[in-house]
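K.L.:
Counting in the UniProt record's numbering, the sequence shown runs from 1 upward without gaps.
Right, I'll just put the structure down here and ask away after.
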Amino acid sequence: MDQPNQSPTPPNPSSWGNSEVPTSGYGQFSAGSWQNPGGSPAGTTAEAGNGSIPPSGVFGGISRPNNPAGSDNQSTADTSGMAFRGTLNASAGASAGAGAGAGTMPGFSENPRDYQQVQPGVIPLRPLSLSDIFNGAFRALREAPSVMFGLILGIWAVFALVSGIITALSFPDINQAMQTLENSGENTEAMLDTVLGMIESALLVSIPTSIVRIAVLAITTGIGVAAIAPMALGRRPSIGDTWDAVKPHFWRLIGFTFLLDLIAIGVAMLAFSPLILTFVGTYTQNLWMAVSGGLLVLLTGLAGFLCYVFITIRVIFAVPAMVMENIGVGASMRRSWALTKKSFWRIFGVIALTYMIWMAIMAGLGFIVQIVVTVAATVTKNMTLVMGISETLSGVIAGVYIPFIAGVQSILYIDLRMRREGLALSLLRASQQQD
């Protein structure tokens with residue numbers, strides 16, 4: 001075997017997008033360690049797919065066979081190998097040479113039980129089981145509460161408070177409006193003016209707050225992802241470092257989230273377009289057309305829902321790829337689409353279970369919110385104020401579940417890359433170097 005290429009250690013990176021050697025500073029390792037395969041690390045001459053896994057021996061309890069089947073075509077790994085592109089290309093090339101149809105590293109099994117426990121951070125550095133994923137997400141909440149709850153919940157609390165105040169001030173007095181409707185009697189014009197006024201106020205409030213909510217959702221999800229990255233190596237992120245890590249990606253995160261919402265709107269419009277037949281049939285008193293439109297919308301609605309779920313699962317790793325690999329919106333969506341190939345049902349199952357857990361938590365939180373809203377309605381008799389309180393509490397609740405969802409999403413992303421690209425070896429060497 002050739003001697004390893006002794007590349008000089010580059011300076012500390014200033015962002016996550018450079019292929020450089022990890023350091024002990026928060027987020028620094030990921031500049032190269034998280035890079036997607038597709039090129040050589042800076043300062044090396046290794047081509048994509050032509051590297052190798054580290055020399056035989058024991059790395060923190062994980063030992064590699066001296067001569068894995070089919071690994072004769074492997075070349076030596078770059079000793080600066082913290083750079084993720086080189087290491088992952090190495091593992092990809094080794095997998096191809098070994099003829100591993102499942103895309104696993106040569107000499108490594110997909111069964112988590114076959115691995116000795118190497119866990120510098122919140123997750124073991126091996127293919128993860130379902131319990132590993134959820135344990136890692138909950139452990140991340142405990143390890144970095146200042147980021148996962150303090151920062152994220154703080155952002156949502158500010159948004160929720162402002163949104164609640166705007167709602168309370170912008171809506172007309174609902175009690176007075178309802179009284180006007182009751183007193184209008186046969187006065188259709190007065191009734192119509194009251195209803196249109198309420199609709200106008202609702203649109204004036206809901207449209208801008210919905211846009212801001214999407215932006216807040218995008219940014220806080222990115223914060224959750226950025227916090228998971230160092231915790232995979234046992235580093236506890238600070239609020240300042242996490243904010244600095246995700247700040248360059250703000251507009252990309254917001255753009256991707258808006259794009260996903262536009263896709264949802266487009267799919268919904270197509271799915272419910274047969275309702276036009278129902279309206280026309282009802283207006284023209286054509287029973288057959290009205291019934292046909294109703295039945296058709298059931299089929300198209302189901303098809304639209306399944307289509308949206310499929311698209312969502314295929315691009316679910318766009319945010320982790322965007323933040324950890326420092327790539328754009330289009331590239332991150334393509335990256336996610338490639339990673340989720342042949343893993344759709346596994347990812348779907350984990351995400352579905354995640355939301356079921358969240359719904360169970362929401363049931364308890366929703367009960368508390370309902371009590372608060374009911375008490376407020378009883379005390380104030382002002383339904384507009386009650387709406388503002390409800391809006392505020394809903395925003396705060398969103399800040400509670402975002403860290404957990406982002407944690408599961410990020411850990412699933414890391415798991416897929418450990419299974420397919422040998423990311424565990426990069427992370428293992430990075431954790432050893434920081435020690």
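Using N, Cα and C, we set each Cβ at its ideal position, and we do this for glycine too.
None of these values were measured; they are calculated from a predicted model.
Do the CB positions of residue 239 and residue 147 come within less than 7 Å of each other?
P.N.:
By one-based count along the sequence shown, residue 239 stands at place 239. By one-based count along the sequence shown, residue 147 stands at place 147. In this structure, residue 147 lies closer than 7 Å to residue 239 by Cβ.
K.L.:
Suppose you measure from the CA of residue 420 to the CA of residue 230; what does that come to, to the nearest Å?
P.N.:
What you label residue 420 is simply residue 420 of the sequence shown in a count that begins at 1. What you label residue 230 is simply residue 230 of the sequence shown in a count that begins at 1. Distance between the alpha carbons of residue 420 and residue 230 is about 21 Å.
K.L.:
When the Cβ atoms of the segment 290-299 are set against those of the segment 319-326, are three or more pairs found closer than 8 Å?
P.N.:
They do not touch, by the three-pair rule.
K.L.:
Does the Cβ-Cβ distance between residue 125 and residue 428 come in under 7 Å?
P.N.:
Position 125 of the sequence shown holds residue 125. Position 428 of the sequence shown holds residue 428. In this structure, residue 428 lies closer than 7 Å to residue 125 by Cβ.
K.L.:
Report the option in 121, 128, 138 whose CA atom is closest to the CA atom of residue 405.
P.N.:
Stepping through the sequence shown from its first residue, residue 405 is reached at position 405. Measuring from the Cα of residue 405, the nearest candidate turns out to be 138.
K.L.:
List the endpoints of the continuous alpha helix (DSSP H) containing residue 148.
P.N.:
Walking along the sequence shown from the start, residue 148 turns up at place 148. Here residue 148 belongs to no alpha helix (DSSP H), and DSSP marks it neither H nor E.
K.L.:
Smallest Cα separation from residue 217: which of 244, 351, 398?
P.N.:
For the purposes of this step, residue 217 is identified with residue 217 of the sequence shown, where counting begins at 1. Ranking 244, 351, 398 by Cα distance to residue 217 puts 398 first.
K.L.:
Does the contact criterion of 3 or more C-beta pairs under 8 Å hold for the segment 253-269 versus the segment 346-354?
P.N.:
no
K.L.:
Could you check whether residue 227 and residue 144 sit closer than 7 Å to each other, using their CB atoms as the reference points?
P.N.:
As a working mapping, residue 144 is identified with position 144 in the sequence shown. As a working mapping, residue 227 is identified with position 227 in the sequence shown. It is a contact, given that the beta carbons lie within the stated cut-off.
K.L.:
Decide if residue 422 is buried, meaning its Cβ has at least 16 other Cβ atoms within 10 Å, or exposed.
P.N.:
Sequence index remark: in the sequence shown, residue 422 carries index 422 (1-based). That one is buried.
K.L.:
With distances taken Cα to Cα, identify the nearest neighbour of residue 256 among 289, 300, 219, 130.
P.N.:
The residue you call residue 256 lines up with position 256 of the sequence shown. For the residues 289, 300, 219, 130, the minimum Cα distance to residue 256 belongs to 219.
K.L.:
Closest to residue 133 by C-alpha separation, out of 426, 409, 378, would be which residue?
P.N.:
Position 133 of the sequence shown, counting from 1, holds the residue named residue 133. Ranking 426, 409, 378 by Cα distance to residue 133 puts 409 first.
K.L.:
Determine the burial state of residue 200: buried for a count of at least 16 other Cβ atoms within 10 Å of its Cβ, exposed for fewer.
P.N.:
On the sequence shown, residue 200 is found 200 positions in, with the first residue counted as 1. Exposed, by the Cβ-count rule.
K.L.:
If residue 153 and residue 242 are in contact, beta carbons under 8 Å, what's the gap, nearest whole angstrom?
P.N.:
As a position in the sequence shown, residue 153 is number 153, starting the count at 1. As a position in the sequence shown, residue 242 is number 242, starting the count at 1. Not a contact, Cβ separation roughly 14 Å.
K.L.:
Pick helix, strand or coil for residue 210, following the three-state DSSP scheme.
P.N.:
Taking the sequence shown and counting its residues from 1, the one referred to as residue 210 is at position 210. Helix.
K.L.:
Use the C-beta contact count for residue 338: other C-beta atoms within 10 angstroms, 16 or more gives buried, fewer gives exposed.
P.N.:
Indexing the sequence shown from 1 puts residue 338 at position 338. Exposed, since its Cβ has fewer than 16 Cβ neighbours within 10 Å.
K.L.:
Work out the CA separation of residue 273 and residue 282 for me, nearest whole Å.
P.N.:
The sequence position of residue 282 within the sequence shown is 282, counting from 1. The sequence position of residue 273 within the sequence shown is 273, counting from 1. If I take the Cα positions, the gap works out to 15 Å.
K.L.:
Considering Cα atoms alone, identify which of 162, 311, 396 is closest to residue 261.
P.N.:
As a working note, residue 261 is residue 261 in the sequence shown. Ranking the options by Cα distance to residue 261, first place goes to 311.
K.L.:
Measure how close the beta-carbons of residue 411 and residue 224 come, nearest whole angstrom, since I'm counting them as under 8 Å.
P.N.:
Within the sequence shown, numbered from 1, the residue matching residue 411 stands at position 411. Within the sequence shown, numbered from 1, the residue matching residue 224 stands at position 224. So it is not a contact: roughly 11 Å between Cβ atoms.
K.L.:
With a CB to CB cut of under 7 Å and the five nearest residues on each side skipped, what residues in its chain are close to residue 275?
P.N.:
In the sequence shown, counting from the first residue as 1, residue 275 sits at position 275. Closer than 7 Å at the Cβ level, and outside the excluded window around residue 275, lie 293, 297.
K.L.:
Report the residue from 253, 362, 375 whose alpha carbon sits nearest the alpha carbon of residue 333.
P.N.:
Here the question's residue 333 lines up with position 333 in the sequence shown. Residue 333 has its Cα closest to that of 253, out of 253, 362, 375.
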